[in-house]
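The structure under discussion appears below in the form of structure tokens.
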Amino acid sequence: MGRAVQSKTNRSRGATKRDYPQRFTEVASTVVRRGRAEAGEELHGKRRSLSALFERAVLLEQANDCYALDSDFGCVAAGEGFPNSKEAATRALAIDEKLAEAHTSLGLVKRDYDWDWPGAEQEFKRAIELNPNYPTAHQWYAVYLSALGRHQEAIAEIKRALELDPLSLLVNSVTARVLYFARQYDEAIEQSRKTIEMDRRFTATYQHLGSSYAQKGMYAQAVATFQELNKVAPDNINGLAFLACAYALAGKTDEAQKILAQLKEVSARRNVSPYHVAMIYAGLGDKEPGPASRAKSIESCLPFLP
2 MGRAVQSKTN RSRGATKRDY PQRFTEVAST VVRRGRAEAG EELHGKRRSL SALFERAVLL
62 EQANDCYALD SDFGCVAAGE GFPNSKEAAT RALAIDEKLA EAHTSLGLVK RDYDWDWPGA
122 EQEFKRAIEL NPNYPTAHQW YAVYLSALGR HQEAIAEIKR ALELDPLSLL VNSVTARVLY
182 FARQYDEAIE QSRKTIEMDR RFTATYQHLG SSYAQKGMYA QAVATFQELN KVAPDNINGL
242 AFLACAYALA GKTDEAQKIL AQLKEVSARR NVSPYHVAMI YAGLGDKEPG PASRAKSIES
302 CLPFLP
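Using my numbering, you'd call the opening residue of the sequence shown number 2 and step up by one each time.
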């Protein structure tokens, strides 16, 4: 259902003609819509095909943000996904500087990979200036503001994104995320539940829900949430890491250690974020997992880092 909803409704409410410039071919627009619809599903297996989809669109002169999303959700290493996204966005802007989509993608890279905070804000603001009705620009700008502790501004931006695209799973999920970082845990829980009701397969929302429970000291509910996440998406590496952390916080250290060992074994075959490994150590009370692990966490440049 998530893919169908995203494909039908993404950026349809209040969108201007700048969403898809007239000279772009119908094929390019179709490819981009398909890619962004699939980007609304957090199932790891779906992610691998997205970069190819958006690369086709770039060759057809369309902006892309899939590489950055691959890195954001830990499906590829940050050093692989973000540089590709930056190159694609730069190529798109060379064709047309007035592409709000490309400015948004570039802002995402500058925020999460380059850590160029002023540059990221400039890109997000430029995107919104070019197309005030582009929900993705408001969405990622909200996450940017949230990371800087500008929570009231962040909430205003994500509410605007939600007004523009109320049926977007990603926008609804990010709304819960923004509320979580604003320490509005009850509101984050309510928003997360609402999003899960829209599509229980959208796994990112479980992370916000379980984390909100954990912050309220409701560890049993946090564990149950992440257990449900792993039933929905058993191959989701992030979900396993969050479950291990919840186990640790709930005092179930044996269960946490088992998952930690499992993730270390899986890392030989798949990308496992060092951040999530460090998160488990922190839940176990070991806030110093070692200089190498800390360095890898920083190097991964994930948007979860404060």
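Cβ coordinates follow ideal geometry from the N, Cα and C atoms, glycine included.
- Would you mind working out which of Val-224, Leu-168, Gly-150, Tyr-114 sits nearest Lys-87, comparing C-alpha positions? Out of Val-224, Leu-168, Gly-150, Tyr-114, Tyr-114 has the C-alpha closest to the C-alpha of Lys-87.
- Beta carbon of Leu-285, beta carbon of Leu-264: below 8 Å? With respect to Leu-264, Leu-285 sits apart: the two C-beta atoms are not nearer than 8 Å.
- Query: Closest to Asp-97 by CA distance: which of Lys-111, Leu-109, Leu-131 is it?
  - Reply: It is Leu-131.
- In terms of alpha-carbon separation, which member of Lys-160, Arg-194, Thr-204 lies closest to Pro-136? Comparing Cα positions, the closest option is Lys-160.
- Query: Quick one: what does DSSP say Arg-179 is sitting in, helix, strand or coil?
  - Reply: At residue 179 the sequence reads Val, which differs from the Arg that was named. For Val-179, the secondary structure class from DSSP, reduced to helix, strand or coil, is helix.
- Task: Could you tell me the distance, in whole angstroms, from the CA atom of Ala-143 to the CA atom of Ile-129?
- Result: One Cα belongs to Ala-143, the other to Ile-129, and the distance between them is close to 12 Å.
- Task: Check whether the region 234-251 touches the region 268-282, counting contact only when three or more Cβ pairs, one atom from each stretch, lie closer than 8 Å.
- Result: With a cut-off of 8 Å, the region 268-282 and the region 234-251 count as touching, because enough Cβ pairs lie within range.
- Taking C-beta to C-beta, are Arg-178 and His-152 nearer than 8 Å? Contact flag unset, no.
- Taking the alpha carbon of Asp-287 as the point to measure from, which residue in Glu-256, Ser-268, Arg-270, Cys-246 has its own alpha carbon closest? Looking only at Glu-256, Ser-268, Arg-270, Cys-246, the smallest Cα-Cα distance to Asp-287 is reached by Cys-246.
- Item | Buried versus exposed call for Trp-118 [16 or more other C-beta atoms within 10 Å across all chains shown] | Around the beta carbon of Trp-118, fewer than 16 other beta carbons lie within 10 angstroms, which makes this residue exposed.
- Message: Looking at Ser-169: is its Cβ nearer than 8 Å to the Cβ of Ala-205?
- Response: No.
- Message: Please report the distance separating the alpha-carbon of Arg-270 from that of Glu-154.
- Response: In a straight line, the C-alpha of Arg-270 is about 41 Å away from that of Glu-154.
- alpha helix (DSSP H) containing Trp-116: first to last residue? Premise fails: Trp-116 is in no alpha helix (DSSP H) and is neither H nor E.
- Message: Can you determine whether any heavy atom of the ligand MN sits closer than 7 Å to the C-beta of Asn-239, and answer yes or no?
- Response: Although the ligand MN was asked about, the structure shown includes no ligands whatsoever.
- Query: DSSP three-state call for Gly-240: helix, strand or coil?
  - Reply: Gly-240 falls in the helix class under three-state DSSP.
- Message: Suppose the cutoff is 7 Å on Cβ atoms and the five residues either side in sequence are ignored; what does the same chain contact list for Gly-108 look like?
- Response: If the five residues before and after Gly-108 are omitted, its C-beta is found closer than 7 Å to the C-beta atoms of Ala-121, Glu-124, Phe-125, Ala-128, Trp-141, all from its own chain and listed in chain order.
- Spatial neighbours of Glu-158 within its chain, please: CB distance less than 7 Å, with the 5 preceding and 5 following residues excluded, ordered by chain position. Within its own chain, the residues whose Cβ lies closer than 7 Å to the Cβ of Glu-158, once the five positions on either side in sequence are excluded, are His-139, Tyr-142, Ala-143, Leu-146, listed in chain order.
- Span separating the alpha-carbon of Asn-85 from that of Gly-218: If you draw a straight line from the Cα of Asn-85 to the Cα of Gly-218, it comes to about 40 Å.
- Query: Looking only at its own chain, which residues have a Cβ that is under 6 Å from the Cβ of Val-224, when we skip the five neighbours before and after it?
  - Reply: For Val-224, where only same-chain residues beyond five positions count, the Cβ hits under 6 Å are Ala-247, Ala-251.
- Message: Nearest by alpha-carbon distance to Gln-216: which of Leu-180, Ala-162, Asn-237 is it?
- Response: From the listed residues Leu-180, Ala-162, Asn-237, the smallest Cα separation to Gln-216 is found for Leu-180.
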